[in-house]
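To keep things clear, I will list the structure first and then write my remarks on it.
Chains as they are written, first to last, in this note's numbering: chain U, 1 to 346; chain D, 347 to 692; chain G, 693 to 1038; chain L, 1039 to 1384.
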C-alpha cells in the first residue's frame, strides 16, 4: 500500500513509540492519576500559555467532539457548525445521539464567517417562536477545517466576540491542529487559540500519535465533574498512560510542532509535483490536504498505483482528488508519486 | 510504586509492544479495514471455535459494556445484572445514559444464580402492571466476576437456557477472561463460552494489552450496522490497528492463555504467602484477585510499603483487602511482598 | 381577542364536549383499557379502511411525532424531512432529543418531491463513507404541510414506492388532516393514506378536539410493545378516556370530515374577502391557512383589530401574513374581518 | 363496572367540567400564554403561599416526574428514591430513558427515612471510587407515597436539611397530594411543602381533573428555559387552557381541598365496613388507599362483584387487597360495597 489518502495511515512517530516502550513496565495508578498524565498536561498547559488550563485525554476525535459538545450545551441547545463540519457529516450522528441538533450555516470553504454567525443568532431571537426552537447554544469550528482551510486570528477573534456577546461557548476541533499551526496562511498560534476559544482539542491521532486527543479548557472552565461525564460515556482509559505518555513525547522539545512543519514541507513539494505537471487546484489549501481537479480516466489509472481520496465530482469528466501528507511523509514518497504521475500521464 | 492494587498497573506485554513496533510504519487503511484487523479477528474466531463469529475491537471495558448492552436491548428493556455487577456500580451510570435500567438481583459472590433469574422473569410476567414496567430484556454476567468468582459450565448453561426460553440475549463481560480461563475452578473454555452466550468480550486491557477489548458475536448475530453504532458513540479508532495489532500478538501462539496462567500461578503463591503468615481469606477466590481480612492497624502499616485495595470494612477492627496479580506479576514481586508482610507484622 | 392566527384558539367542538359530559361519571379502567378507547379505535379503523390497523391516542403533536419517529427508526437512522417540516423547525429539537438527526431536503412549498428523496438515498449509498454517516432511515411528510399545501395521490404513492424500495418507513403527520381531506386540491382520501403510508396520525387538537391525536399503524405494523414505549416517554393518560372519547365524537357520523369542510368553506370566503380588496396571495393554498402579501404600515394597523401570524418578510416594505380558519370559524367572523379590512385600508 | 381499584375511574368533577364548558368558545392564545393559565397559576401560588413560585402544567404524572427530574439533575446524577417509588417501578424506565439512574433505598412503608438518606450520601463520598459512580444528585419523595403513607413535617424537614447540606434538590411527587393534605396523620400543609421542598407537583388527574398536574418551583427556581425543555419532550399542550382551566376550577373556593376531604371521609367509612366484618389491615393507611388481608377464595368471589387491586400475596392462602376511594366515591358506593361483603362472606 502506497497512499496519500489520509494522514492516519502509519502508526506513531518513533519518539512516541520509544516513550511507550521506555515507560512500559513502570507500575502506575489507573484512570489518569499517574505522574505522566500530570507531566503531559503540564507541558500542554505550557505550550498553550494557560497555567490554569485543564487537560483531558481522549482516545479519538468523534468521542472528543461528542462529549465536549454535549457537556458545554444546555439540554435545549444545538451546536452551530459549518455545513461541512465533521460533527455534521462524518460522525454518524454522534451529536444527535447525545440529544442535540447541529445547526448548520452554508460554507464553501469549511469555515463559518462571523457575519453568518451573527445573522443566525439575530434571526433566532427575532423569531416570535424562538422558545419552540432549538437554541443556538454553542459554536463548533475546526482548524484546519475539513477542507484544509484556516481561520486567521482576526476571524477567530470576531467569532469569539459574538459568542461572548451571546454568552455561548466557542469550541475548536483541532484534529489536525499541528498542520494548521505550521502553516504560513494563518497567524494563529497555539497560545492565541487558547486565549480566544473556550475549549479546544489538540489532535494526536493525525499528528504522530497511535491514538489520542488532548482537550484543553484553557481557563479552568471545564464543566463540573468532567471526569465522570467522560467515564459515563466510556471515554476513560483504565491505563490513562496510553494517551498521556504519547502526548508527553509529542510536547517534549516541540516535536508536535516539528511534525506539523514536516507535513507542510511535504505538502509544498507535493503541490509542485502536481503543478509542474499541469494539474490545477480545486481549492488552494494552506495545509496538509491538497485538492486537485483530475480527468476521470487518469483517476482510474492513478488508483492502480497510489491511494488518495476522491472528494467528489468536479464535472462530467473530472473528479476532485484529495492528497494528504502527514508527519510520516518523506521526500522519497513525493518522488515516487511524481514518478507515478509521469508514468500514468504519458 | 509497588502495588497489587489492580491488574492494569503496567503497560503491555513485551510481545504486544513488539508487534506494535514491528508494524508501525506500514501504511494501513483506517477504521478497521486493514489486514491486521482481519487477521486478529481470524485468530479470535479460531480460538473461540466460531467460524461465523463477528469480532469488533473497542478501547475499554465501560465503552464496550455500554455499547453492546444498548445495541442488544429494545428501548423498553432493562439489563439484568448482579447487584455487584460492574455496569451497576462502577461505570458512572453508562447503561442508564443509553436509556436503560439495570435490573439487579442480590448477590453475595458476584454471580447470578439461574433460579434468581427465573424468578425475576416469572415475577415480571406475573405482574398485572408489567406493561408499565421495565422489561427484563437481557442478562449481563461477568466471568470472572467483580469478586473473582467463576461460573461453571452447568451454571452458565442453565442461565443461557432460561434466556433462550424468554428470548432474551445473554452477554458475558470478560474484562478478566484470561484469568478465568486459566483457573481450575471453572470447566468453561473459551469455546464453551462462545457456544453458550450470545455475545461476550475478551478483555485485553487487564490481560497484557495497553488497551483494548474484543467483542465477539459468535454466531454472526451482531446487530445490524454495528460498526455505525460504534462510530456514533465514538468507539471507533481511526487507526483500527491500535487494538487489532495487540490482539494479533495476544492470540498468536496462545500468549493470551499463558498470561492468564502466569497470573494465576502468582496468585497461588500470593495466597500461600498470606496463609503461611496466619491471615485468613475473606472469600476463597479461584482467580487473580485475592481477598483477605486484615486488622486495621496492620492495614495502615502495610500501605506504607505496598499498594492494594481496601474493598470494605469487615468489622470494627478489620478491613477486607484485595490483592491482584496480573500477567506482569513476578516471583520476585511475591517475595518482596512476603518480606514486607514479615517486616510489618513483627 | 378576535383572531385568525391559528386553528387552536377555541376549545372543543360542542359534540366533543357533550360526549365528555355524557360519559363523565362512568367508571372506566385506566390506560386505554376502557370500551370507549376500543370503540373510538374501531371507528377510526373503519374510516381508514384498515381492519388490522392499530390505533394509539396521544395528547399532542410534538409528542406524537417524536415518539413515532424514534420508534420506527434504528439507532443509526435519521429521518428525512422537508427543511420546513415541523419536526425540523418547531419542536425544540424533540427528534434530536431522542437521538436522531433530521436529514433535510430544501423545499419551497413544504413538500418533498419524489426525485429529491431518490437523489438523497442514491447519494447516500454512493458515498464511500456511508457507514460513518447518519442513515436515511425513514421519511416524514406532513399533509397538509406547514405551508398549507397538499400531496396528490400520485406524489405520495411515488414517495412510498421509493421508501419500499429502500425498506424505510413513511410517516405522515396529519396535524391538520381534516383540512387536507376536505380540500379539492388533493385526491387523497383517508383510506388512500392508510393504504399508502406506514404510519400516520389524525390530528384532533386542530380539528375540533380539546387535545389529542390518533396514531394509526394501518397494517398491524406497530413496533413491538408500543404501549410501553409511550409509557416510558410519559405519553400515556391514566384516564385514557380523555382523548378516546373525543375521537369517538369526532368519528361518529363523519363529524371530523364536516369540521374540515366547514373550515375550508370559511377559508374560501376569507380568500374572497382579501382578493376583492386587491390583496394578493403569497402562495395559493388549498387548505385552511391563507397567505397574503401586505404592506407593513397596514400590517401594524390590522394588528390592532385582529390576530394573525406574520410568517415572514416579503420585501423591505411588505410582510407575509398567515390567516387560518378552523372548524370554529363562522361566517360572522369573516364578515367582521371584512369590516376591519375596509376600515383599516381606508 | 363498580370499582375501588384506583382513584382515576371517573372523569372530572362537575365544577371542572363546567369551567371547561363555560370557557370553551373563548378565543385564547396557545401554549399557555392565555389569561386562564395566568389565573390558575396565581391561585396555586396563593394556595402555596409562594408569590415568587413558577407554575407549569403537564398532562400526566409520569411525564411530569421524568421531565422535572431530568431538568434538576446534572448529567452524572442519579435520583434517590424509595425502592417502592413510582419512578422506580411503574414508569417503564422513564427516568432511565432520560439518562439517569434511580438510586434506591429499601423501604417498608414507601418513605425514605432521613437517616437512610444521610447514610447513602456519606457512603458515596467515602467511597474512593466515587468519581466512577452515579452521583446522588437529587431526592424523590412522594406524598402520599405509593403505599398511602405520609411524611410528617419534621420528617420532610429533616430530609430537606440533608439535601441542603449536600446541595441537592428535593422533589416531591404529589400525584395524590389532595388526599395527603386532608389527612389527620400528617401536619404538612401545602404551604409547608412549598417552603420545605425545591419542586413539587399538585396532582390533578387523581383528584378531580380529567387530566393534568401542576408543577411548582416555589422560589422562582425553575431551570432556565423550562418551557423549551417541556416542549422538546412533547409536554406542552397547544391548547394550554386544557389543564389550566381545570386547575382554575380546582383552586377556586378550595375545591381541591374539599375533594381530598370527601375521599378521606369515604375511606374512613370503607375502613369501618371492613373492620366491622372482621377483616384486618395489611398496613394502617391514613389516606384514600386502604390495604386488607383477605382469604384467597373470598378474593375470587369478591372480584365477581367489585373491582379492586390485588397488591400482592400475603401468605399461601391470603392476598393483600387495595381499595381506593376518591373525590367521586359516594356513601351509596360504600353501602353497596358493604352489601357485597355481606353477600359474599356468607
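Even glycine gets a Cβ: it sits at the ideal position worked out from N, Cα and C.
Please list, in chain order, the chain A residues whose beta carbon lies closer than 7 Å to that of residue i.
| i | result |
| --- | --- |
| residue 422 of chain D | Chain labels in this structure do not include chain A; the protein chains are U, D, G and L. |
For chain G, find out if any of its Cβ atoms is closer than 8 Å to the Cβ of residue i; answer yes or no.
| i | result |
| --- | --- |
| residue 1101 of chain L | yes |
| residue 1098 of chain L | yes |
Would you kindly work out how many angstroms separate the C-alpha atoms of residue i and residue j, rounded to a whole number?
| i | j | result |
| --- | --- | --- |
| residue 948 of chain G | residue 738 of chain G | 13 Å |
| residue 371 of chain D | residue 11 of chain U | 6 Å |
| residue 84 of chain U | residue 102 of chain U | 11 Å |
| residue 87 of chain U | residue 1162 of chain L | 36 Å |
| residue 184 of chain U | residue 285 of chain U | 11 Å |
| residue 490 of chain D | residue 1100 of chain L | 39 Å |
| residue 197 of chain U | residue 164 of chain U | 10 Å |
| residue 1180 of chain L | residue 1264 of chain L | 22 Å |
| residue 1247 of chain L | residue 1283 of chain L | 10 Å |
| residue 1175 of chain L | residue 1107 of chain L | 10 Å |
| residue 1328 of chain L | residue 1312 of chain L | 10 Å |
For residue i versus residue j, is the C-beta distance shorter than 8 Å?
| i | j | result |
| --- | --- | --- |
| residue 862 of chain G | residue 850 of chain G | no |
| residue 96 of chain U | residue 792 of chain G | yes |
| residue 64 of chain U | residue 215 of chain U | yes |
| residue 832 of chain G | residue 885 of chain G | no |
| residue 50 of chain U | residue 219 of chain U | yes |
Using beta carbons (cut-off 8 Å, strictly below), is residue i in contact with chain D?
| i | result |
| --- | --- |
| residue 1339 of chain L | no |
| residue 24 of chain U | yes |
| residue 93 of chain U | yes |
| residue 1167 of chain L | yes |
Nearest CA to the CA of residue i: which residue from the options?
| i | options | result |
| --- | --- | --- |
| residue 337 of chain U | U:320, U:311, U:304 | U:304 |
| residue 39 of chain U | U:302, U:93, U:250, U:108 | U:250 |
| residue 1215 of chain L | L:1348, L:1365, L:1383 | L:1365 |
| residue 557 of chain D | U:322, U:6, U:236, U:76 | U:236 |
| residue 1350 of chain L | L:1240, L:1333, L:1191 | L:1333 |
| residue 1044 of chain L | L:1347, L:1319, L:1251 | L:1347 |
| residue 9 of chain U | D:671, D:483, D:588 | D:588 |
| residue 1291 of chain L | L:1321, L:1081, L:1089 | L:1081 |
| residue 952 of chain G | G:783, G:1016, G:892, G:826 | G:1016 |
| residue 438 of chain D | L:1113, L:1053, L:1142 | L:1113 |
| residue 518 of chain D | D:468, D:478, D:451, D:427 | D:427 |
So, helix, strand or coil for residue i, using DSSP?
| i | result |
| --- | --- |
| residue 1014 of chain G | strand |
| residue 911 of chain G | coil |
| residue 1005 of chain G | strand |
| residue 1174 of chain L | strand |
| residue 201 of chain U | strand |
| residue 142 of chain U | strand |
| residue 520 of chain D | strand |
| residue 1041 of chain L | strand |
| residue 804 of chain G | coil |
Using a Cβ cut-off of 8 Å (strictly closer), state whether residue i contacts chain L.
| i | result |
| --- | --- |
| residue 792 of chain G | no |
| residue 693 of chain G | yes |
| residue 568 of chain D | no |
| residue 702 of chain G | yes |
| residue 635 of chain D | no |
Quick one: is the Cβ of residue i within less than 7 Å of any heavy atom of the ligand HEM?
| i | result |
| --- | --- |
| residue 1031 of chain G | This structure simply doesn't include the ligand HEM, nor any ligand for that matter. |
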